[in-house]
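S.K.: Once you've had a glance at the structure underneath, I'll fire off some questions.
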Amino acid sequence: MKLPPPESYQAFYKRSMTEPDAFWSEQAELIEWHKPFSRVCNYDNPPFVHWFEGGQTNLCHNAIDRHLSARGDQAALIHVSSETGLEKTYSFRELHAEVQRMAASLRELGVQKGDRVLIYMPMVAEAAFAMLACARIGAVHCVVFGGFASGSLASRIDDATPKVIVSADAGSRGGKVTPYKPLLDDALRLSSHKPDAVLLTDRGLAPMQLVAGRDRLWSDLRTRHLHAQVPCEWLDSTAISYTIYTSGTTGKPKGVQRDTGGYAVALAASMKHIFDSRAGETYFSTSDIGWVVGHSYIVYGPLIAGMATIMYEGLPTQGMDRQPDGGIWWSLVEKYRVTAMFSAPTAVRVLRKQDPALLQKYDLSSLRALYLAGEPLDEPTGRWIAEGLKVPVIDNYWQTETGWPLLTVANGVEQTPSKFGSPGIPMYGYRVKLLHEGTGEELTGAHEKGVVALEGPTPPGFMQTIWKDDARFVNTYWKSVPGKMVYNTFDWGIRDEDGYFFILGRTDDVINVAGHRMGTREIEESISGHPGVAEVAVVGVADALKGQVAMAFAVPRDASILSDAPAARALEGDIMKRVDGDLGAVARPSRVRFVTGLPKTRSGKLLRRAIQAVCEGRDAGDLTTLDDPAVLQQIRDQLAAG
Ligand code: ATP
Ligand code: MG
């Protein structure tokens, strides 16, 4: 029999645009439905989209139960912690049992279909059990990143109003234990909403004071429900699966709400077309379950695809013996024969400071590609890791809101070359436009700078709305471009003559120097290309004469520069010359200041708004997501020193 010729990506994409119903019906076959859908896409009330109406399915069924007959004994969840030294593999059958125990426990605590369960946990297997258990019984999970302190947690508790909170005694980072229970207790004192119960995993890391009548131990409930059989609730495709808050890089986090059927289909399709992955292989995402990458590509995506997924707790630079070891990730790739790996540029920059020989020490022959997302991937970092691993490095651009990549390459459809500095081309289902910020006019020429926007209907997997706030959803995302109802990504980009997009930064990272508009990203690219610079942030600072001036904060590769004023001056001059050459004198920063680190969110994103505020002598605003407050103080000190 002759196979039909493989479809080009161009044809595949075109089909998703011109025959979306047929296209997505075909993708919907990648998951199992309890009841078939009657309508593929309902876009009667823009910008709200309902995917696969009439259909019933379940995320947990697709992640676990459907694989039991063919691969019950295959590894499903591989949990590794270099913080505690624990390493444990759960087969699909074992995961099925654990998730049913968790589901029965949640039910015992009163959780019913539609109720919210807030999960505030470190990277322990129980966190994944809890997410999957919620999906199983139709409860809505709301995972709050374990690094957040009481204030951020309290506001999320009040927003989500959970029936039950699932948590643990403590998390650990780089060997430093952070007790979670006191943080949670504080948050519950601050919040107006109080849950009925708190279910706690005791890792034996920190003592816990249990509140009688409210706090329960997972170990107790688990034993009681050891043989629990909890069948999956069949849910409408449009039923809410979860809410998750955005990172908060630009301001107050938004509760992004997702559906069930559309999300399952979107993930299954992305595992095949974008991650080019197959059942039985191993996926390793180094993210955290507190972020969208953790939802889509630690828990649901790989499991739906029948893959084993690695859930790693620890730093990229710490071995299982808790000694420094920049090779830990690569040792996991070797040990578990990882085929696809997902990480962030910030993590690669950390590894780049380690011994380069570490990449040669392990057998990485199973690995086919490294996927990076979350922030712009600068060329030096991309090249370094691609050459070290000798596999393609695939940049992919998306947001908490989109749920899965919107710009990248789909090598599972057709091998497509990547370009350094570009996340790639529009993914199937996404109507990506570049619009003029002021007029909303569509920009079609190569290298024209515009706002990256999406025309509706947005594809399956995309956020349904902001939790409990349809008006904020519409007003924030769909009404900010003049004269058009389009989804605004709030990122700024260009497209080259081959249709590849380049993300220039967030729309609020644009600076205006004496009437010239520039993305801070362009200036950062130029500066980070200097061999003496490890990392840099550029912000626009108000200036009486020019409107704004660019100010750069750079982490030098050689730390001795920090205490050597003449050397710092020389490097500063050298960097300015470089920017002059690359972009012109107008882009030249007024100063380049040297610091040991840059202020970032716990997900590794640069908090430019905080740097900018400090430079302008304003209050730095909501800093609850800031990873290390000391680095902001360093910037204050630098500015004070003149
Ligand atoms: P908030 O919306 O609360 O300010 P956030 O935007 O940082 O937080 P996320 O949804 O985690 O929250 O991040 C998405 C953003 O990250 C994108 O809008 C974009 O600015 C950036 N980003 C993600 N991937 C890439 C990439 N491959 N290249 C460039 N930028 C990226
Ligand atoms: Mg955002």
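Counting in the working numbering, the sequence shown runs from 29 upward without gaps.
Quick reminder that beta carbons are idealized off the backbone N, C-alpha and C, glycines included.
Just so you know, these numbers come straight off a predicted model, no measurement behind them.
#1: Going by DSSP, which residues form a beta bridge with H544?
#2: Would you check if the distance between the CB atom of A648 and the CB atom of L660 is smaller than 8 Å?
#3: Are there three or more Cβ pairs, one per stretch, closer than 8 Å when the region 467-475 is compared with the region 270-288?
#4: Shortest alpha-carbon distance to H89 belongs to which of G289, V152, V77?
#5: Compare the Cα-Cα distances from V258 to each of L212, I147, A131 and report the closest residue.
#6: So the beta strand (DSSP E) M369 belongs to, where does it begin and stop?
#7: Rounded to whole angstroms, what's the CA-CA distance from T266 to T189? Just pull it up for me.
#8: Comparing C-alpha positions only, which one of R500, A613, L392, E563 sits nearest to V419?
#9: Is Y41 a contact residue of the ligand ATP, with contact defined as CB to any heavy atom under 7 Å?
#10: With respect to 7 Å, is the separation between the Cβ of W426 and the closest non-hydrogen atom of the ligand ATP below this value?
#11: Taking C-beta to C-beta, are P344 and L395 nearer than 8 Å?
#12: Does the pairing of the region 569-587 with the region 614-627 give three or more beta-carbon distances under 8 Å?
#13: Compare the C-alpha of F370 against each of S119, F303, Q382 and name the closest.
#14: Does the structure place the region 115-123 close enough to the region 294-310 that three or more beta carbon pairs sit under 8 Å?
#15: Looking at the secondary structure, which residues open and close the beta strand (DSSP E) in which D243 lies?
#16: Between which two residues does the alpha helix (DSSP H) carrying K209 extend?
#17: I need the straight-line Cα distance from N424 to H95, nearest angstrom please.
#18: Using DSSP bridges, identify the partner residues of D423.
#19: To the nearest angstrom, how far is the alpha carbon of T486 from that of G457?
#20: Out of curiosity, what's the CA-to-CA distance linking L532 and D610?
#21: Distance check for S631 and K191, CA to CA, integer angstroms please.
#22: Bridge partners for C69 per DSSP, in chain order?
#23: What is the rounded straight-line gap between the Cα of A104 and the Cα of K204?
#24: Expressed to the nearest angstrom, what Euclidean distance is found between the alpha-carbon atoms of T251 and R646?
#25: Three-state secondary structure (DSSP) at N503?
#26: Once DSSP output is grouped into helix, strand and coil, what is the label at P445?
#27: Just to confirm the assignment, what range does the beta strand (DSSP E) spanning W412 have?
#28: Which stretch, first to last residue, makes up the beta strand (DSSP E) that contains A256?
#29: If you check the beta carbons only, do F529 and P451 fall under 8 Å apart?
#30: Return helix, strand or coil for N439, following the three-state DSSP convention.
#31: Using a Cβ distance threshold of 8 Å, determine whether the region 98-112 contacts the region 335-355, with at least three qualifying pairs required.
#32: Within 10 angstroms of the Cβ of P627, are there 16 or more other Cβ atoms? Answer buried if so, exposed if not.
#33: Taking the alpha carbon of S53 as the reference point, which residue from V293, G166, Q576, P207 has its own alpha carbon closest?
#34: Confirm, please, whether the CB-CB distance from V509 to E483 is below 8 Å.
#35: CA-CA distance, R545 and E261?
#36: Which residues bound the beta strand (DSSP E) around H107?
M.R.: In terms of the structure at hand:
#1: V541
#2: yes
#3: no
#4: G289
#5: A131
#6: 366-371
#7: 21 Å
#8: L392
#9: no
#10: yes
#11: no
#12: yes
#13: F303
#14: no
#15: 243-245
#16: 209-218
#17: 28 Å
#18: L400
#19: 7 Å
#20: 15 Å
#21: 27 Å
#22: W79
#23: 29 Å
#24: 54 Å
#25: helix
#26: coil
#27: Run containing W412: none in the beta strand (DSSP E); it sits in the alpha helix (DSSP H), 407-417.
#28: Looking at the DSSP string, A256 is not in any beta strand (DSSP E), and its letter there is neither H nor E.
#29: yes
#30: coil
#31: yes
#32: buried
#33: V293
#34: no
#35: 53 Å
#36: 103-109
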